[in-house]
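Engineer: Chains R and F, in that order, are what the protein sequence lines are.
With the working numbering, you'll find the first sequence wraps up at 1565, consecutive numbering, no jumps.
With the working numbering, you'll find the second sequence wraps up at 183, consecutive numbering, no jumps.
This is the structure, below, for whatever I ask next.
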Amino acid sequence: MKRFFGRIWHWLDDRIGINDILKPLVDHPVPPRGLWTYVFGSATLFMFVLQVVTGVALSLLYQPSSSTAYHSLEFITYQAKFGNVLRSVHFYGASAMIILVGLHMTRTYITASYKFPREMNWISGVFLLLFTIFMGFTGQLLRWDSNGVWSSVVAAQQLGRVPFFGKYLARLLLGGDTIGSASLTRFYSYHVFIIPTFIFLFIALHLWLVFRHGISELPKAGRPVDPKKYRKWYEDYLKKYAVPFWPHAAWRDVLFSSIIVILIILFAWFKGAPDLTTPPDLTYIHTSPNPDWYMVLFFALFALMPHRIESAAMTIGPVLTVIILFVIPFLANKGERSPMRRPWAMFGVICVFVFVLSLLVLGLQHPWSAEFDAKPLPVAVAHPANPDSSVVAGVHLFYSRGCEYCHKIGGYGGTAGPDLSLVGNRLSEQELTIRIVNGGGNMPAYGGILTQADLQALVNFLHAQR
Amino acid sequence: MNKNESEQDQPSRPEDGLTRKGFLTRISLSIAGISAAVMAVPVISALVAPLLESNEALWRPVGRVDEFPVGGTRLVSFENADSENYAGVLAKSAAWLRRIDRNRFIAFAVNCSHLGCPVRWEESAQLFMCPCHGGVYYRDGSVAAGPPPKRLTEYKVRVRNGVVELQTAPLPITSI
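Structure follows, in structure tokens:
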């Protein structure tokens, strides 16, 4: 039996040349040390394969039409056999891919692997990063629930801020001048056909380049890259120290990726994908659009940015970031690779991590949003213990006039504005009146909205909070 | 004899250097290029069609005049000008319609002028509030607080035969 299959294999190998293709890849020499730090690239690749496989499975169940997409999502989540697990794996796979792309990019930057002769590895990698982010964005939209639809509106608005072309770019994204039937069809085409085609092409280029230039050796302080001598030096280095890729280096890649896939399956099984929000309906406006977690840091950036520089920041920011990323290998394609000899580069990496993590945490908390779910303030929370009728009227007005959406008293209310539990200690009655009437900062002016009696009741109430 | 044969075998080289081989190469590439270019037209057209078509603005009814109390602000919905029959629920857009006095109406797009999230009307606070980044507008659509750079976009309103009508418009996009 074994001989029979052995003969089939030999026949195929002879006609197709499988071993002739695979053997050089499998045996190619790689530097022997630091191999655990090199697993992130292959993990990203395996995540992409996972996404393609689960994506194809989902495409057997999904309806990419504006009127039926949401229903097909409900079918996938609640009725299709293993549908919920499938969708959840695809969601966690997307999150994992974005995290791993970031880790891979960080590692290659720290070891300065973008230097000669691997500049094109970095450049093709930057393209892949942009494609990955775009895939994450369009993927969320394909859920085509309330969040997805409003996120498309927000994306179109951001594109609209580009000078000269903004409106055209927004229309290109949406497939029209409103969100409608054409929008989802477009996002489906972007997410399933157009961008994946580019990803396949660029992955092929990226992997070919890894094979052509070899895996970069771990940097060592005092051993700078000299383009004139590097290729020869690398060849000699490999002759002396290299190990074959399979199995000496590859086993780590396989193990790490397998663990990640198992973790994703566990998350998918026990936690599940984000719940579908309400069906897409642009006339239902009681919704708080929220992007998936990896977009939340941009959400936080737009909330916290100084308002006047917004249009400039939204257009110049991304363009500048991308230009800087592309230019890195040309600014510094030779010289020291060791992180110990590149303190400013390492400082930059730390800054990026700090910025990204802080924006992420803030974005998930979004303290700047009005607390629309605030319950009316109970009179018992107000000081003094036995308030007179004016103060009680103030308590009710504090809720009905919307103050409580942004201000907390006794733990009730929102965080967009300062906590007013003890405001009587800080502001006099006159100061309170001026503030309420005139607004200021992020507070509206209530002068044209409150009657004199309302204003007096509120001021009495607030002044008593001490 | 040998010399004659070898002369016939060699291609004659014209003075400007274009050989038969070069000529055929150019013709092949040109034909391939032209057919590719012609094929690209419908493909690119599918991609950029929405930039080239413009929709006429249509008047859509949103309710009878007597349904809207004076001084009140109500949410209304209307069908977009460009909806296809597979748009489902997304065929409609919403607007906030305010009756200023007996004869005057004003209609606002629900999209916040900051980044497009839908604003809510808080009746007793008499403010429009955006859930996304803290934008607030007064009842006349002007900015009260937060990041929005300009007032709420208005839709044109008219009254015909006792019915309030709104003119459809593209999604309001704030430009730089």
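Here a beta-carbon is modelled for each residue, glycine too, at the ideal position from N, C-alpha and C.
All of these numbers come straight from a predicted model, not from anything done at the bench.
Is leucine 122(F) close to chain R, meaning its C-beta is less than 8 angstroms from at least one C-beta of that chain?
Structural biologist: Residue 122(F) sits at position 115 when you count from the first residue of the second sequence. Cβ-Cβ to chain R under 8 angstroms: yes for leucine 122(F).
Engineer: Rounded C-beta distance between alanine 132(F) and alanine 1544(R)? I'm assuming under 8 angstroms.
Structural biologist: On the second sequence, position 125 is the one that residue 132(F) refers to. On the first sequence, position 445 is the one that residue 1544(R) refers to. Their Cβ separation, rounded to whole angstroms, is 12 angstroms, which puts alanine 132(F) and alanine 1544(R) out of contact at 8 angstroms.
Engineer: Smallest Cα separation from tryptophan 103(F): which of Thr160(F), Pro154(F), Thr32(F)?
Structural biologist: Reading the second sequence from its first residue, position 96 is the one you call residue 103(F). For the residues Thr160(F), Pro154(F), Thr32(F), the minimum Cα distance to tryptophan 103(F) belongs to Thr160(F).
Engineer: For the beta strand (DSSP E) holding isoleucine 113(F), just list the boundary residues, first then last.
Structural biologist: Counting from 1 along the second sequence, the entry for residue 113(F) is found at position 106. 112–116 is the span of the beta strand (DSSP E), which, as asked, contains isoleucine 113(F).
Engineer: Where does lysine 3(F) land, buried or exposed, given buried means 16+ other C-beta within 10 angstroms?
Structural biologist: Because chain F here runs from 8 to 183, residue 3(F) falls outside it and cannot be looked at.
Engineer: Check the Cβ-Cβ distances between alanine 101(F) and every residue of chain R, and say whether any is below 8 angstroms.
Structural biologist: Stepping through the second sequence from its first residue, residue 101(F) is reached at position 94. Alanine 101(F) counts as touching chain R.
Engineer: I'd like to confirm the pairing. Which residues does DSSP put opposite glutamate 161(F) in its beta bridges?
Structural biologist: Here residue 161(F) refers to the residue found at position 154 when the second sequence is read from its first residue. The secondary-structure analysis by DSSP pairs glutamate 161(F) across a beta bridge with Phe115(F).
Engineer: Would glutamate 1435(R) be called buried (16 or more neighbouring beta carbons within 10 Å of its own) or exposed?
Structural biologist: Taking the first residue of the first sequence as 1, we reach residue 1435(R) at position 336. Around the beta-carbon of glutamate 1435(R), 16 or more other beta-carbon atoms lie within 10 Å, marking it buried.
Engineer: Checking 8 angstroms against the spacing of the C-beta atoms, do valine 83(F) and alanine 64(F) come in under that value?
Structural biologist: On the second sequence, residue 83(F) is found 76 positions in, with the first residue counted as 1. On the second sequence, residue 64(F) is found 57 positions in, with the first residue counted as 1. No, the pair does not count as a contact, with Cβ atoms beyond the cut-off.
Engineer: Residues in its own chain within less than 7 angstroms of arginine 1132(R) by CB, not counting five upstream and five downstream?
Structural biologist: Taking the first residue of the first sequence as position 1, residue 1132(R) is located at position 33. Result list for arginine 1132(R): Leu1317, in chain order.
Engineer: Can you confirm whether the region 1374–1383 of chain R touches the region 1392–1406 of chain R when touching is taken to mean that 3 or more C-beta pairs between the two stretches lie within less than 8 angstroms?
Structural biologist: no
Engineer: Less than 8 angstroms between the C-beta atoms of alanine 1563(R) and valine 1455(R), yes or no?
Structural biologist: Taking the first sequence and counting its residues from 1, one reaches residue 1563(R) at position 464. Taking the first sequence and counting its residues from 1, one reaches residue 1455(R) at position 356. In this structure, valine 1455(R) does not lie closer than 8 angstroms to alanine 1563(R) by Cβ.
Engineer: Would the region 1198–1205 of chain R and the region 1298–1309 of chain R be scored as touching if the rule is three or more Cβ pairs under 8 angstroms?
Structural biologist: Counting Cβ pairs under 8 angstroms, fewer than three are found: no touch.
Engineer: Under 8 angstroms Cβ to Cβ from leucine 1229(R), same chain only, skipping five residues before and after it: list those, please.
Structural biologist: The count along the first sequence starts at 1 and reaches residue 1229(R) at position 130. Taken in chain order, the residues that qualify are Val1421.
Engineer: Run through DSSP, which three-state label would isoleucine 1298(R) get?
Structural biologist: The residue labelled residue 1298(R) in the question sits at position 199 within the first sequence. Helix.
Engineer: Excluding the 5 residues flanking cysteine 137(F) on each side, which residues of the same chain have their C-beta closer than 6 angstroms to its C-beta?
Structural biologist: By one-based count along the second sequence, residue 137(F) stands at place 130. The residues are Cys119, Cys124, Val126.
Engineer: What does a CB cutoff of less than 7 angstroms around alanine 1281(R) pick up in its chain, not counting 5 residues either side in sequence?
Structural biologist: Locating residue 1281(R) in the first sequence gives position 182, where the first residue counts as 1. These residues qualify, in order along the chain: Gly1274, Gly1275.
Engineer: With a threshold of 6 angstroms on Cβ separation, who are the neighbours of phenylalanine 1497(R) within its own chain once the five nearest residues in sequence on each side are excluded?
Structural biologist: Looking up residue 1497(R) in the first sequence gives position 398. Same-chain partners within the cutoff: Leu1476, Glu1503.
Engineer: Against serine 182(F), what residues of chain R qualify as contacts under a CB-to-CB distance less than 7 angstroms, listed in chain order?
Structural biologist: Position 175 of the second sequence holds residue 182(F). Going along chain R in sequence order, the residues near serine 182(F) (Cβ under 7 angstroms) are Gly1259, Arg1260, Gly1265, Lys1266.
Engineer: When we look at the beta-carbon of cysteine 139(F) and count the other beta-carbons within 10 Å, is it buried (16 or more) or exposed?
Structural biologist: Counting from one through the second sequence, the residue named residue 139(F) turns up at place 132. Per the 10 Å Cβ criterion, buried.
Engineer: When the distance is taken between beta carbons, is phenylalanine 1233(R) closer than 8 angstroms to phenylalanine 1301(R)?
Structural biologist: Translated into positions along the first sequence, residue 1301(R) becomes position 202. Translated into positions along the first sequence, residue 1233(R) becomes position 134. No.
Engineer: Under 9 angstroms Cβ-Cβ, which residues of chain F neighbour histidine 1406(R)?
Structural biologist: Position 307 of the first sequence, counted from the start, is the residue given in the question as residue 1406(R). What histidine 1406(R) touches in chain F: His121, Gly153, Pro154, Pro155, Pro156.
Engineer: Tell me whether valine 77(F) sits in a helix, a strand or coil according to DSSP, three-state version.
Structural biologist: Translated into the one-based positions of the second sequence, residue 77(F) becomes position 70. Coil, per DSSP.
Engineer: Look up leucine 173(F) in the DSSP assignment and say whether it is helix, strand or coil.
Structural biologist: Along the second sequence, read from residue 1 onward, the residue named residue 173(F) stands at position 166. In the three-state scheme derived from DSSP, where H, G and I count as helix and E and B as strand, leucine 173(F) is classed as strand.
Engineer: Can you tell me where the beta strand (DSSP E) holding phenylalanine 135(F) begins and where it ends?
Structural biologist: For the purposes of this step, residue 135(F) is taken as the residue at position 128 of the second sequence. First-last of the beta strand (DSSP E) with phenylalanine 135(F): 134–136.
Engineer: Looking only at its own chain, which residues have a Cβ that is under 7 angstroms from the Cβ of asparagine 1118(R), when we skip the five neighbours before and after it?
Structural biologist: The sequence position of residue 1118(R) within the first sequence is 19, counting from 1. Around asparagine 1118(R): Asp1112.
Engineer: Taking only beta-carbon positions, decide if tyrosine 162(F) is within less than 8 angstroms of chain R.
Structural biologist: Along the second sequence, read from residue 1 onward, the residue named residue 162(F) stands at position 155. No, tyrosine 162(F) lies away from the interface with chain R (no Cβ there is under 8 angstroms from its Cβ).
Engineer: Of all the CB atoms in chain R, is at least one closer than 8 angstroms to the CB of arginine 33(F)?
Structural biologist: Taking the second sequence and counting its residues from 1, the one referred to as residue 33(F) is at position 26. Not an interface residue.
Engineer: Kindly list, in the order they appear in chain F, the residues whose Cβ is closer than 9 angstroms to that of leucine 1354(R).
Structural biologist: Taking the first sequence and counting its residues from 1, one reaches residue 1354(R) at position 255. Near leucine 1354(R) there are no residues of chain F at all, since even the closest Cβ is about 43 angstroms away, more than 9 angstroms.
Engineer: With H, G and I counted as helix, E and B as strand and the rest as coil, what does DSSP make of arginine 1114(R)?
Structural biologist: The residue given as residue 1114(R) occupies position 15 in the first sequence. Looking at arginine 1114(R) - three-state DSSP - the assignment turns out to be helix.
Engineer: Pick from Val1151(R), Lys1319(R), Thr1514(R), Thr1205(R): whose alpha carbon is nearest that of asparagine 1541(R)?
Structural biologist: Residue mapping note: residue 1541(R) aligns to position 442 of the first sequence, counting from 1. It is Thr1514(R) whose Cα lies nearest to the Cα of asparagine 1541(R).
Engineer: What residues of chain F sit near methionine 1394(R), judged by a beta carbon separation below 9 angstroms?
Structural biologist: In the first sequence, the residue the question calls residue 1394(R) occupies position 295. Result: empty, since nearest Cβ-Cβ is about 12 angstroms, beyond 9 angstroms.
Engineer: Taking Cβ positions, are glycine 1493(R) and phenylalanine 1398(R) nearer each other than 8 angstroms?
Structural biologist: Translated into the one-based positions of the first sequence, residue 1493(R) becomes position 394. Translated into the one-based positions of the first sequence, residue 1398(R) becomes position 299. Not a contact, by the Cβ cut-off of 8 angstroms.
Engineer: For chain R, check one thing: does any of its Cβ atoms lie closer than 8 angstroms to the Cβ of glutamate 91(F)?
Structural biologist: In the second sequence, the residue the question calls residue 91(F) occupies position 84. Glutamate 91(F) counts as touching chain R.
Engineer: Which bits of chain R does valine 117(F) rub up against, with CB to CB less than 7 angstroms?
Structural biologist: Start at 1 with the first residue of the second sequence, and residue 117(F) comes out as number 110. Neighbours of valine 117(F) on chain R, chain order: Ile1384.
Engineer: Suppose contacts are defined by Cβ-Cβ distances below 8 angstroms. Is aspartate 1553(R) in contact with valine 96(F) by that definition?
Structural biologist: If you number the first sequence from 1, residue 1553(R) lands on position 454. If you number the second sequence from 1, residue 96(F) lands on position 89. Not closer than 8 angstroms, so no.
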